[in-house]
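In numbering that gives the first Met the number 0, the protein residues as written are 0 to 579. For glycine and all other residues, C-beta sits at the position ideal for the given N, C-alpha and C.
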Amino acid sequence: MKKLSVILACSLVMMAGCKPKDNPIKLNQVGFYPQAEKTASIEDDARTNEAALLTMDGKVVWEGKAVREAVSPWSGKTRHIIDFSEVTEPGEYLLRVGESVRKVYIRNHALAEVAQAGMKAYYLQRCGCPIEEQYAGEYAREAAHFDTCVMVHPSAASESRPAGYVFASPYGWYDAGDYNKYIINSGFTIGMLLLGYEADNVYYDAMSLNIPESGNDVPDILDEIAYNLRWMQTMQDPEDGGVYHKLTTPNFEGFVMPIDCHQQRYAVQKSAPAALDFAATLAMAARVYKAYPEYAAEAENMLRQAERAYAWAVRNPNVLYDQEGNNSKYEPQISTGMYNDSTSWDEFFWASTELYITTGQQSYLEQAKAFMPKRFRLPTWGDIEWLGAYEWLQYARLSDDVNAQEFVEKLRPMLFTYLDDQLGKVSTSCYQMPYGNDPTDFCWGGNAEICCGRGIAMLYGYRLSGDPRYLTGALQTANYILGQNATGYCFVTGLGQKQVMHPHQRISSADGIDAPLPGFLAGGPNPGQHDKESLGTYKYESDFPDESYLDVEPSYASNEIAINWNAYLVHLMAGVDAAF
Ligand code: 9MR
């Protein structure tokens, strides 16, 4: 007991910030499911032949040693894998390895808290309304960015809406750490969230978010998403059906609160990817929302808007967003996020898929067939075709539409070949998971786009086959996000024992509250270190791919938050939780 309290005291000192040395025990700091695999990765020097799991009053319930070790292919560091899966009794424990300890939680619905916090985070990103104390506690803030006077930028001018024309484009979510609103990323975000909803709707229907609409008859997740859909709907030019690529200030605002932002906001250049992401998102939403009387009329509008946007893209398939080109021609110059693309074919696949499933029209089916993916690729904002592919796989499970079979026959093997290849890497992985085994896994937003993205692919594997190996694969990627990684961080703000405290997010930085807005997934290790020149006195402590992470506000390349990244987080965590 005495020894235990000394160990505990030491680790509390470490947590308090004296930080002599990082805790070598890397594990999921939020929770393990009673019946699921439970592992930890231990850094080099800990005495891994002396591992034990203790109850909080010091009773040893499990003793063991590392089951294997793995050498990092890039840093050469050795990690030892501890496996205490045989402990299935829910409770709070301490994992002790040599002199080090970490809290362990075993409980039912272990990941529900992460899914809920990740979804609630969207309320905190709302633009153009007050964030109220009863829903946000200390994170309440005044309304700002009403966007009632958005100006058409010269790059977006048309006959009926010339440059300088003013229109209202209110509501929506701030994209990320910045205050702009981008159609490409909004579309991806809603697509990823609604795919999760379609797969696990019963689970989401019971999710309570405590948002202003919580008392109505619509699931909270749909009310929250509707807040962003309302904004997206305003981004279509009513004249020709084209869709503005983004709503933005010319330059990023400083690290100030929304209320202190005063730059003019512009609707900038129409593009085919924007029109198609808009079409896909609204076609999908029209299908989901029409079931709710509150949204039935709006659902019809959404579908009409989606069809018009698609028709615009068919007429303008090669119009891509070109910030540099625009800047050489027009004033003011725009320097904010580009979300630019080199092709719109992947967007055509997603949009025609959603439009066919919503309308049953043959022409959309023919288009979807023409743009069928050739291989599996994790869907991202810039490479979106597998959102469409996931939709076909999901649709085919529930419908007797014979047309869906042709898609399933082609897409299913692509998915499973990819998943089996990734699962093959787990047994030699430093972190006991199908992530982090290739240097390319670490990139801008890699926590979400690759790690959670791969977990979601695993979830589809599980949903389609019922094979628990894929569910375990998904769970393992969740473990990475929650602490079983080279940095030891739990990457979701407000959760875990080693928390992200300084995300690159203007509100978190300017609100005067120490803890950042909760429920946001940080971008994660990114050896590209694109922000290295703008870090001031900060410096990356390591160049290794899995360690290129800095919990400091200027690190936009490793520590930003974003709505698309939270969509991966929510889909994965809710999907795993719904399956257990
Ligand atoms: O997520 C985007 C990433 O894939 C790009 O490499 C990067 C640079 O173009 O931009 C990221 O998106 C940012 C966007 O441009 C502006 N808002 C913040 C986004 C997250 O960093």
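Check                                                                                                                                                               : Outcome
In whole angstroms, give me the CA-to-CA distance for G97 and P33.                                                                                                  : 25 Å
Closest by CA to A577, which one among V499, V201 and S327?                                                                                                         : V201
Mind checking E137: buried by the 16 CB within 10 Å criterion, or exposed?                                                                                          : exposed
Using only alpha-carbon positions, find the residue among H261, Q322, N215 and F441 that is nearest to E546.                                                        : F441
Would you mind sorting Q360 into buried or exposed? The rule is 16 or more other CB atoms within 10 Å of its CB.                                                    : exposed
Restricting to Cα atoms, I'd like to know which of V318, P292 and A285 is closest to R303.                                                                          : A285
Assuming P168 contacts T247 under a Cβ cut-off of 8 Å, what Cβ separation, rounded to an integer in Å, is found between them?                                       : Sequence check: residue 168 is Ser here, not Pro. S168 to T247, Cβ: 11 Å. No contact.
Hey, is Y338 close to the ligand 9MR, as in C-beta under 7 Å from one of its heavy atoms?                                                                           : yes
Report the option in K58, G487 and D82 whose CA atom is closest to the CA atom of A35.                                                                              : D82
For M301, name the three-state secondary structure that DSSP assigns.                                                                                               : helix
Taking C-alpha atoms, which residue in Y537, A556 and V491 lies nearest to D530?                                                                                    : A556
Mind checking whether the beta-carbon of G186 lies closer than 7 Å to any heavy atom of the ligand 9MR?                                                             : no
Is the Cβ-Cβ distance between V86 and M572 less than 8 Å?                                                                                                           : no
Under the criterion of a Cβ to heavy atom distance below 7 Å, does W311 qualify as lining the ligand 9MR?                                                           : no
Using CA atoms only, rank isn't needed, just tell me which of G527, V151 and E91 is closest to V59.                                                                 : E91
According to DSSP, which residues form a beta bridge with K180?                                                                                                     : L246
Do you know how far the Cα of E390 is from the Cα of T352?                                                                                                          : 8 Å
Based on the DSSP output, what are the partners of M150 in its beta bridges?                                                                                        : V165 and Y265
So what does DSSP say about C450, is it helix, strand or coil?                                                                                                      : helix
Taking C-alpha atoms, which residue in Q483, L228 and S74 lies nearest to M283?                                                                                     : L228
Applying the 10 Å Cβ sphere with the 16-neighbour rule, what's the burial state of Q235?                                                                            : buried
Which residues in the same chain as E158 place their Cβ atom closer than 6 Å to its Cβ, once the five residues preceding and following it in sequence are excluded? : none
What residue does the beta strand (DSSP E) around L281 start on, and which one ends it?                                                                             : Careful: L281 lies outside any beta strand (DSSP E), inside the alpha helix (DSSP H) at A271 to Y288.
Quick one, are the C-beta atoms of E223 and Y121 less than 8 Å apart?                                                                                               : yes
When the distance is taken between beta carbons, is A447 closer than 8 Å to A175?                                                                                   : no
Give me the Cα-Cα distance between I105 and K497, rounded to the nearest whole angstrom.                                                                            : 18 Å
Measuring CA to CA, which of R95, T38 and E42 is closest to T54?                                                                                                    : R95
With a threshold of 16 other CB atoms inside 10 Å of the CB of M0, please say whether the residue is buried or exposed.                                             : With a pLDDT of only 35 at M0, under 50, the local geometry of the prediction cannot be trusted, and the value read off the model is given with reservation. Burial call: exposed.
Less than 8 Å between the C-beta atoms of Y309 and I183, yes or no?                                                                                                 : no
Classify W61 as helix, strand or coil using the three-state DSSP reduction.                                                                                         : strand
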